[in-house]
Structures are given as C-alpha cells and as structure tokens.
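A.B. asks: Residue numbers (the numbering used here), protein chains in the order written: chain A, 1 to 355; chain B, 1 to 355.
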DNA sequence: TTGAAAGCGCTAACAT
DNA sequence: ATGTTAGCGCTTTCAA
C-alpha cells in the first residue's frame, strides 16, 4: 500500500494525497475528506523510510546510557524514572526512542562509535557521562551538528552544549549542613563516581558544608564510590574500621546508602542511634527502608521530560542551543538522620523546600 | 557523503562500492582494498534510510512495555534487567532498539496503535501483556506477518506465537511447598496482576502446593495485587486484619514482598518470627532486606537475551516461528522463611536447583 | 569483475 | 487547487 494506491482509489494524484497527510492547506475541503476516508479505510500509514529520505527526519531520537553507568541501570530506579519522563514527552510528540545501553564488558569507544554510526536519529539525549570520555563524543556531535541534550551539567564546551540538571552542589551542601546542625561532628561521605560531574558536585557540596561550619576537612572520612550499592557497602566497611568513630555518613546516592545501611546493620550498630545516614535521589528505596532515609529529592522524571522537550525543540528549530536548565531540589528529612524519632515522616507532608 | 562520492574518489561505480560494503564476493581483491581505504578515510557510513528503502530492513527492533506494567518499570529492577539482556544481544548483532513505554494515563488501545503504526521496526519483543488486551495486538501482528516474541507464556494463538518464559507454576508450587514443609499452616498469598499470565500461573502454583499438602483452599487468604509494592503493602494490611492469624505469606514478586514487609514491620511483628514472607524474582531488593528474602531466582537477563536471539533469528529467517522456550528457575532459601536463622545465606552457595 | 539503469515510496519545486 | 516531475541514497537486476 503506497501513496500511489491511495491516490488511484481516491481519484487524485499522489501529491494531493501527500498534501492531505501533511496537512497542507492547499487542498479543497471535498478532496481532503475523500482522500482521508480512503486512507482510513485502507489503514494506510506512510513509509517512514521513504518520508525520512526526503525530509531528512526520522522522528526518532536516541537515548544514551554509557558504559560507566549502565550497571546502575539495573539496580536503581534512577534511569527507569528518567526514561519514563523522556518517553512521556517523546511519545506525545510523535517520536520514537532508540535506546543505547552500553555493555559492561565493552570498550567505551566502541560503544560511542556504534551510537554515532547510527544515522536514524534526529538527535540524542545523553543520560550521564564521565567528564573524560564525554569529550570526544561531544566533539563529534558538535562537529556533525547533531542536536543533543545532556542530563547533567556540561563541563566540556559547556557554552555550546544544552543540558538539564539540578544544583547538586547546593543540595548536598544543605543536606550535610543539616547533619552539622544536628550536632554530628565526624561526618563522612561515600562519594559517587568522581569521573562524573554529579559525583564531583555532590562531594564539593559536602566540602563546602564542612568548611562553612569550620569543621576541618579530613580526607580519611572521604571514601570514593561509584553510585552503586556495593560501593556503599564496601565504603562503609572502610569507614567502620576507622580509629575515630564516624557519627554520620552522607552517601552520594540512595543506592549507595542501601549498601552502607547493610554494612552498618551487619556489625550490630543502629541507625540513627549509632550512626546517622543520609542519601541522595529519594528513590523508592529511601522510603522503604527502616528507618526511612533522609535524602534529597529531585525531579528525576521531570528532568527527563524537560530534556526531551528541549531536544525536540532544538530539532524543530523552535529553540536554539545552548539551553542550560536547572531544576529545583528538596531536602527530605526522615528518620535516618536522627532529626525525627519514632514518627512517620513523609516528604509529601514534611518536605522542606530549599530551592 | 554518499556512495557516489566514494565511488568517484575510488575511481569505480557506485554499484561496486555497494558490493564492497555488502561483502559481495564479486569484487576483485585490489578494487575491494582501494574502495575500503577510501571508505575508512572518509569515515563513510551508508544511509540506513536509503538502504532500508530497498532492502525493507531497518536493523531496528521494538521493545514494548505496555500500560498495565509501565508503572512497575520505575520501581523494580525487573524491566531494566530484561532490557539489559535484550540490549546485549541486539547491539552485538548490530541492531538498534526502539523502546515503547506506555503512559499510565493513556488508553491501552492508543498505545498499541502508536506502536503498530511505526514501520521502522523489523520485529518486536513484547515485554509483558495482559491476557485480554494482548489479543487485538497479537492478531494485528500476526496479520501483518511481523516477527515478534513474547516474554511470557502466550495464551492467545499460542501455537503461532513465539515466547521465552519460565515455569511460573512449578516454581511457585515448590516455593509454597517449602513453606508447607517448614510447618506453616495458614499460608496466604498476595497475587500479581491476574490479567497477566505470570500472575495467574504463580497463583495456580500456590493453589497446587496447598492442594498437594491437603490444606483446604481459603479464599480469604488470597488477596489480589498487581506486582507493585503498594499492592503488597495494602494486601498485607488486609491479611493482618484477618481473625485467624496468618503465619506465612507468598508475595507474587519481591517488590510486593517489600510492601508486605513494611506493613508487617509497622505493626511491630517480626519476620520470620511472627510471619514468614517469601517473594519471587530475586531482585536486588531481596538480598538487601533484613532479614534477607527467600524467593525464586530466575534468569531475567537471559530471558531478555534469548528473546532477542529468537527474534533476530526469526527476522533473519534462520528460525521459523513458533519457538517456545522455558528457562530454569531456582529456589533461593534465605532468612525470611524461617528455614535458616542468624546465618548469612547466598543463593550462589546454597541455591537448590529445582529445574 | 564491473558498470548502467531502474526503482524503493515519499516530498517539494514547478507548472498549470 | 491539483498534477507533473525530479530527486533523496541506496540495492539490485541486467548488460557487457
């Protein structure tokens, strides 16, 4: 079934059918109605390949989840939530979504090549990247003039790159300041992946909070993790061995907090009695734990949705690059920081908006 | 950059370049080498649209996550793990993956139409469906002769449909039989979505285990859920109100078990002391809980990988539909069923293979 | 072993 | 308001 077939059945030329399909005003009411009825009757859908060939548009965008973080994809609700937000917008604007998930075993470069080689995409969303490896990738995209949006603060060529993010630094700073205010003295942190801007900024926030409270920075209280729960578990083991007793821990993500939680529980210590624990993200994990986790909520789904909107607008030409969007976050105080005792707290009712 | 450009630079015709790219043997060694060097030198990649236009192949498959379960997508590691398995194979076989996630608010029919309308896919993987709504969808796919694979036992036109699944019925039966053997008398279940075959089969397994143990079936011990943790929470609340004391609960998925866990903990009861709790899936949740959850492990990632292989083979013509593949499962006995006390158990060392 | 030419199904410029 | 025509960049006959 082609345009030609429809044209014949409707007694018009194929250009007229094309015009009807593309809502070209230069078609009479009667013709339009007649053609539409044939199209509907036959259940005709124009071939996207043929159409793409001439318009140079595929109505497909790519969503890239790179090596460094694809393992986290499975264990945390972060990426699925982000994808959900992206999908919502992408589908409503009649686009498809080509998903690229890097394999753990694979060279990052090979992965990038595979993605870059695919010419089916009108643009792409980069759902996280390392500050080092993103460079050649981004340079390539810029050179090809492919529209793209990052879902974190761009550090490389940031003046030319669009992104949607949150203020990781200040959100973390406020979270750690909250611990300071509660009287904790030996506050440790298990960081995220420090190749990643989000990880870097969360560490900076921790440092700033201590600095502001005039607590001297102690590098032995900083353990490098990678956003995974395993790194939380192992990081916490290290912190528990320290001669000086740690009294509070900031895990760079809720998933990491889950790992730390397990390590703390295993040695028979209690939260927050012996050690306070806070996370970041407000994933479902956070409210399913006992005690419930104090954390930073941020609009993950909306982040995805915004990124999709920006990308699609960039593709449409409605918007010009670069767009730098920062979404608000919120400190969610629950039980694990020791601020509230024996009382259910839910961010919906108790959230303190800080941004 | 087109074939023509390469052809000119290499001093051959565009058909020859096409032959080189497609590994046609009818090209001399010398010509082949010369053409390749130009291709590489220019970083040329043939346009997939133009190519697809003539071959009727896009090197893209669709992965469909329908309405009924897209909410779960965010909260459970199930779909991400499945996607990871699919991606692994799909990418290694040089295919792309168009992801279709239904929106909660959206009509199921509209969603199906959107997916069906996209003619960019060579085939699709249906990652779960309701037994009712899958019918028109599957009929349509069959009519169009589109290759597709389901990731659950097909009930509609199963003789013509390929699928990759596990034996939900016997796995559940063995799990509940395990509870019976431990001496539990009033075993309840919070089911999965009963519109879904996996949910149905897990309930049937529960019923069979009781029947085999000659425990009379009590419908008040069966609460209908939908795979979500919230349904576990709410279902457990109902079970806790029952006049007769429930002593064990089979949640149709680990996520549901997490919800039930919370409800049990909230009223001050202990697991497994007061109530035993078992789940299904062996998601990361299961081993992160305290006590760790007794559950059924199944190869989710492999299920995705197999489905992808079958689909790609179907597209290649290497395989003929229908393929019915059943993957093995394993009962994972941990602490929450009360079989083991104060001792760490990991399925890697203690898993009892049942299939 | 290579080249010339037709054509996949559509859009868009041009003609009427 | 509608039809005619020329491609988009490939693969694939058919000829040589």
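Glycine residues also receive a C-beta, built at the ideal position from the N, C-alpha and C atoms. Just so it is clear, the structure is predicted and the values come from calculations on it, not from any experiment.
Under the DSSP definition of a beta bridge, which residues are partnered with residue 162(A)?
C.D. replies: 149(A)
A.B. asks: Per DSSP, what kind of secondary structure is residue 17(B) in: helix, strand or coil?
C.D. replies: helix
A.B. asks: Given that residue 44(A) touches chain B, what residues does it touch there, using C-beta distances under 8 Å?
C.D. replies: Under the 8 Å cutoff, chain B gives no residues; its nearest Cβ is about 10 Å from residue 44(A).
A.B. asks: State the Cα-Cα distance for the pair residue 37(A) and residue 318(B), rounded to the nearest angstrom.
C.D. replies: 40 Å
A.B. asks: Closer than 8 Å between beta carbons: that is the criterion. Which residues of the region 99 to 122 of chain A meet it against chain B?
C.D. replies: Cβ proximity to chain B below 8 Å picks out 99, 100, 101, 103, 114, 117, 118, 119, 120 from the region 99 to 122 of chain A.
A.B. asks: Counting C-beta neighbours from all protein chains within 10 Å, is the total for residue 48(A) 16 or more, i.e. buried, or is it exposed?
C.D. replies: Residue 48(A) counts as buried, since at least 16 other C-beta atoms from the protein chains shown sit within 10 angstroms of its C-beta.
A.B. asks: Using 8 Å for Cβ pairs, my map puts residue 26(A) next to residue 10(A). What's the rounded Cβ distance?
C.D. replies: Going by Cβ atoms, the distance from residue 26(A) to residue 10(A) rounds to 16 Å, so no, they are not a contact pair.
A.B. asks: Say whether the region 62 to 77 of chain A touches the region 100 to 119 of chain A, bearing in mind that this needs 3 or more beta-carbon pairs closer than 8 Å, one atom from each stretch.
C.D. replies: Contact between the region 62 to 77 of chain A and the region 100 to 119 of chain A is present, because at least three Cβ pairs lie under 8 Å.
A.B. asks: Just list the beta strand (DSSP E) runs in the region 82 to 164 of chain A, keeping only unbroken ones of 3 residues or longer that don't cross its boundaries, in chain order.
C.D. replies: 96 to 101, 123 to 126, 148 to 150
A.B. asks: Name the residue from 3(A), 332(A), 132(A), 90(A) whose alpha carbon lies nearest to the alpha carbon of residue 316(A).
C.D. replies: The candidate whose alpha carbon is nearest that of residue 316(A) is 90(A).
A.B. asks: Beta carbon of residue 105(A): closer than 7 Å to some heavy atom of the ligand GTP?
C.D. replies: No copy of the ligand GTP appears in this structure; indeed no ligand is present at all.
A.B. asks: Using the Cβ count rule (16 or more neighbours within 10 Å means buried), how would you classify residue 168(B)?
C.D. replies: buried
A.B. asks: Against chain A, with Cβ distances strictly below 8 Å, would residue 268(B) count as a contact?
C.D. replies: Closer than 8 Å: no.
A.B. asks: Taking Cβ-Cβ distances shorter than 8 Å, what residues in chain B pair up with residue 262(A)?
C.D. replies: 288, 290
A.B. asks: Between which two residues does the beta strand (DSSP E) carrying residue 10(B) extend?
C.D. replies: First-last for residue 10(B): 3 to 10, but that is the alpha helix (DSSP H), not the beta strand (DSSP E).
A.B. asks: Is the region 240 to 251 of chain B touching the region 173 to 180 of chain B, taking contact as three or more C-beta pairs under 8 Å?
C.D. replies: Note that the region 240 to 251 of chain B touches the region 173 to 180 of chain B; at least 3 beta-carbon pairs, one per stretch, sit closer than 8 Å.
A.B. asks: Would you please verify whether the beta carbon of residue 346(A) is less than 8 Å from any beta carbon of chain B?
C.D. replies: Model confidence at residue 346(A) stands at a pLDDT of 35, short of 50, so the residue's coordinates are unreliable and nothing is read from them.
A.B. asks: Determine the DSSP secondary structure at residue 255(A), reduced to helix, strand or coil.
C.D. replies: helix
A.B. asks: Exposed or buried, which one is residue 4(B) when buried takes at least 16 other CB atoms within 10 Å?
C.D. replies: Exposed, because fewer than 16 other Cβ atoms sit within 10 Å of the Cβ of residue 4(B).
A.B. asks: Can you name, in chain order, every residue of its own chain whose Cβ lies under 8 Å from the Cβ of residue 60(B), other than the five neighbours on each side?
C.D. replies: 95, 96, 97, 98, 120, 121, 122
A.B. asks: Could you give the uninterrupted runs of the alpha helix (DSSP H) lying entirely in the region 184 to 216 of chain B, keeping only those of 4 residues or more?
C.D. replies: 197 to 212
A.B. asks: So for residue 32(B), helix, strand or coil by DSSP?
C.D. replies: If DSSP states are grouped into helix, strand and coil, residue 32(B) belongs with the helices.
A.B. asks: Chain B partners of residue 357(A), CB-CB under 9 Å?
C.D. replies: Here chain A comprises residues numbered 1 to 355, so residue 357(A) is not present and cannot be evaluated.
A.B. asks: In chain order, what residues of the same chain lie with their CB nearer than 6 Å to the CB of residue 284(B), ignoring the 5 residues before and after it?
C.D. replies: 77
A.B. asks: Can residue 138(A) and residue 86(A) be called in contact, C-beta distance under 8 Å?
C.D. replies: no
A.B. asks: What residues in its chain sit with their C-beta under 7 Å from that of residue 302(A), if we drop five residues either side in the sequence?
C.D. replies: 85, 327
A.B. asks: State the CB to CB distance for the pair residue 229(B) and residue 202(B), rounded to an integer number of angstroms; the pair is presumed to be in contact (CB under 8 Å).
C.D. replies: Residue 229(B) to residue 202(B), Cβ: 16 Å. No contact.
A.B. asks: List the DSSP bridge partners of residue 276(B).
C.D. replies: 248(B)
A.B. asks: Would you call residue 350(A) buried or exposed, if buried means 16 or more other Cβ atoms sit within 10 Å of its Cβ?
C.D. replies: Residue confidence is low: residue 350(A) scores 25 on pLDDT, short of 50, so the model does not pin down where it sits. Its coordinate-derived value is still stated next. Classification for residue 350(A): exposed.
A.B. asks: Do the region 215 to 229 of chain A and the region 151 to 169 of chain A meet, that is, are 3 or more Cβ pairs less than 8 Å apart?
C.D. replies: no
A.B. asks: Answer with buried or exposed for residue 88(B), where buried requires no fewer than 16 other C-beta atoms within 10 angstroms of its C-beta.
C.D. replies: buried
A.B. asks: Note the first and the last residue of the continuous beta strand (DSSP E) segment covering residue 62(B).
C.D. replies: 60 to 65
A.B. asks: What number of angstroms, rounded off, separates the C-alpha of residue 286(A) from the C-alpha of residue 103(A)?
C.D. replies: 28 Å
A.B. asks: By how many angstroms is the C-alpha of residue 101(B) removed from the C-alpha of residue 70(B)?
C.D. replies: 6 Å
A.B. asks: Taking just the CA atoms, how far does residue 142(B) sit from residue 311(B)?
C.D. replies: 14 Å
A.B. asks: Between residue 128(B) and chain A, is the shortest Cβ-Cβ distance under 8 Å, so that the two count as touching?
C.D. replies: no
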